[in-house]
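Protein chains: 2
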Amino acid sequence: MEKLLSLIRESGAKITNPRRLVLEKLTETDKPLTLNEIYEECEIIDFASVYRSVKLFNELGFVEEINFADKKVRYELASKLHHHHVICSECGEIKELPICLLSEIEKITNYKITKHSFEFMGLCPKCKN
Amino acid sequence: MEKLLSLIRESGAKITNPRRLVLEKLTETDKPLTLNEIYEECEIIDFASVYRSVKLFNELGFVEEINFADKKVRYELASKLHHHHVICSECGEIKELPICLLSEIEKITNYKITKHSFEFMGLCPKCKN
DNA sequence: TTTCTAATTGCAAACTATTTGCATTTAGAA
DNA sequence: TTCTAAATGCAAATAGTTTGCAATTAGAAA
């Protein structure tokens, strides 16, 4: 958290209350959040501020934008190792995946990959019965 | 095309001009199209009709909805073998991928996967220089 | 072939999610 | 403490998707 605040400061941007709050929410949880989830948890601040804070954090490189298989966009701290998710369509539980295949895809296609989604949705072990 | 028209008829739905046109566009091309691309190619028909036709085809199971890494949703005939795509962010060229890993993900997670996106965006060999 | 009706269409409007302009407020440098 | 560029809150614009409804039409039945 402190390290991330420094990153913001170093970029020339100001440490403001909205930014601190949004960052807090992202730091407190280990699961990716939608803008709306962050907004609802913050209560005080405006949605546009959540939007702009997250956008800034993403540009600064420490928050990642993920396109989930349920078509929702969620955000999480980029500090973890690169990974992907499965989300349960019933209870919303999110599990991380240990694989990715990015470099294999680059080899196969000879593209320079800049963005990818490798996201799954289904029924978790509990909900599938 | 004829086979697909039969599928529509058998489902109890009518063969109409909009449906025929939308199906035509999807049949004519080998690359996934956005609703808007279909709409613009059809000219005569309304966007809502494109929307509802594609939705019907998807429910009947012969058109697939794909969430691309550029956040756009595209549709293509499901007749081909299951596959995924890389799209060039520069020129829009789309290449198909020969891998997927669906069953591996099910094994790893013990989820019953119902939907997934395995889509990439980057620079194609031509555009990357 | 004509008639008839439920299904489908076109249009316009409603949603939902995302993004932006601008007057007011504020972080933090001087 | 003062001052100003940056950031916020609000409200409205934009874009993508979805829906209600009156008018039209496919195709079953006469």
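The listed protein sequences correspond, in order, to chains A and B. Residue numbers for the first sequence follow our numbering, so the first one is 1429 and each next one is one higher. Residue numbers for the second sequence follow our numbering, so the first one is 1429 and each next one is one higher. The beta-carbon is built from N, C-alpha and C at its ideal position, and this holds for glycine as well.
Between the alpha carbons of residue i and residue j, how many angstroms are there, rounded?
i         : j         : result
LEU1454/B : CYS1528/B : 23 Å
GLU1493/A : LYS1508/A : 13 Å
GLU1468/B : VAL1482/B : 14 Å
GLU1521/A : ARG1447/A : 27 Å
HIS1510/B : LEU1530/A : 19 Å
SER1434/B : GLU1504/A : 47 Å
ASN1538/A : LYS1554/B : 10 Å
ASN1557/B : LEU1551/B : 9 Å
LYS1535/A : LEU1525/A : 21 Å
LYS1499/A : HIS1544/B : 10 Å
ARG1480/A : THR1457/A : 20 Å
HIS1512/B : LEU1484/B : 22 Å
Answer with buried or exposed for residue i, where buried requires no fewer than 16 other C-beta atoms within 10 angstroms of its C-beta.
i         : result
CYS1519/B : exposed
ALA1497/A : buried
GLY1440/B : exposed
PHE1546/A : buried
PHE1475/B : exposed
Return the chain-ordered list of same chain residues with a C-beta closer than 8 Å to the C-beta of residue i, the five sequence neighbours on each side being excluded.
i         : result
VAL1501/B : THR1462, LEU1463, GLU1493, ILE1494 and ASN1495
ALA1506/B : GLY1489, PHE1490, VAL1491 and GLU1492
ILE1473/A : ASN1445, PRO1446, LEU1449, VAL1450 and TYR1467
GLU1452/B : MET1429
VAL1478/B : PRO1446, VAL1450, LEU1463, ILE1466, TYR1467 and CYS1470
Kindly list the residues whose CB is nearer than 6 Å to the CB of residue i, restricted to its own chain and excluding five residues on each side of it in sequence; keep chain order.
i         : result
ASN1558/A : Chain A is shown only over 1429 to 1557; residue 1558/A falls outside these bounds and no answer can be derived.
GLU1430/B : none
PHE1548/A : ALA1497 and VAL1514
SER1408/B : What the structure shows of chain B is the stretch from 1429 to 1557, and residue 1408/B is not part of that stretch, so it cannot be assessed.
In its own chain, which residues sit with a C-beta less than 7 Å from the C-beta of residue i, not counting the 5 before and 5 after it?
i         : result
ILE1533/B : ILE1541
LYS1459/B : ILE1522
ILE1443/A : LEU1433, ILE1436 and ARG1437
Open item on the list: Tell me which residues of the stretch 1497-1513 of chain B have at least one Cβ-Cβ distance to chain A shorter than 7 Å, keeping chain order.
Closed with: ALA1497 and LYS1499
TODO: Select from the stretch 1525-1550 of chain B all residues with a C-beta closer than 9 Å to any C-beta belonging to chain A, and list them in chain order.
DONE: LEU1525, PRO1526, ILE1527, LEU1529, LEU1530, GLU1532, ILE1533, GLU1534, ILE1536, THR1537, ASN1538, TYR1539, LYS1540, ILE1541, THR1542, LYS1543, HIS1544, SER1545, PHE1546, GLU1547, PHE1548, MET1549 and GLY1550
TODO: Below 8 Å between beta carbons is the criterion; list the residues of the stretch 1473-1490 of chain A that meet it against any residue of chain B, in chain order.
DONE: none
TODO: Determine which residues of the stretch 1431-1463 of chain A have a Cβ less than 9 Å from any Cβ of chain B, and write them out in chain order.
DONE: none
Task: Within the stretch 1491-1525 of chain A, ranges of the beta strand (DSSP E) (whole runs, at least 3 residues) - done: 1491-1495, 1501-1505, 1512-1516 and 1522-1525
TODO: At 4 residues or longer, and completely inside the stretch 1454-1498 of chain A: list those alpha helix (DSSP H) runs for me, N to C.
DONE: 1463-1470 and 1475-1488
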